[in-house]
Structure formats: structure tokens, C-alpha cells
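Counting in our numbering, the sequence shown runs from 27 upward without gaps. Positions of the beta carbon are idealized from the N, C-alpha and C atoms, including for glycine. Have a look at the structure below before the remarks.
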Amino acid sequence: MVRLLDALCEWERRTGRRSTLVFVPHTPDEQYVVAQDGKPVATPRGMISDILEIALRERGRLGA
Numbered sequence: 027m028v029r030l031l032d033a034l035c036e037w038e039r040r041t042g043r044r045s046t047l048v049f050v051p052h053t054p055d056e057q058y059v060v061a062q063d064g065k066p067v068a069t070p071r072g073m074i075s076d077i078l079e080i081a082l083r084e085r086g087r088l089g090a
């Protein structure tokens, strides 16, 4: 996961793009991971859907 976030951060710097990454594992023993602009964000499990909704709305991919 660290290597993925490092690569994402490097790509964002190179391209000038920004992103929100939400990693949702299939097994309950793995952690959810949320990263904004290539940096991990401490997020309580219950707030992940809120972050996803905000990210989609900001990008015009979810109705207001």
C-alpha cells in the first residue's frame, strides 16, 4: 500500500492532477485506506461513504 501511495503521489506531482483513493478490501481483517492527493487520511470506517460521495459530487459525477 505504501508503494502504491508513493507512486500515486509521484504521478500526481508529475501530471498536476489530484485524486481521492478509497481502498475497500474484500476480507474483514484488512484495513480500509483513504488517500487524498496521494497522502493517507485517517478516516473512521463509517465516514468512508461520505468521503466517496463528496469526491463524486466535487467531480460532477453525482447529482447535487
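Taking Cβ to Cβ, would you say residue i is nearer than 9 Å to residue j?
i	j	result
threonine 46	tyrosine 58	no
isoleucine 77	valine 48	yes
leucine 31	lysine 65	yes
arginine 29	glutamate 38	no
valine 60	isoleucine 80	no
Beta strand (DSSP E) containing residue i: first to last residue?
i	result
leucine 47	46-49
My parser needs the beta strand (DSSP E) runs of 3 or more residues fully inside the segment 33-79; what are they? You should have 46-49 and 59-62.
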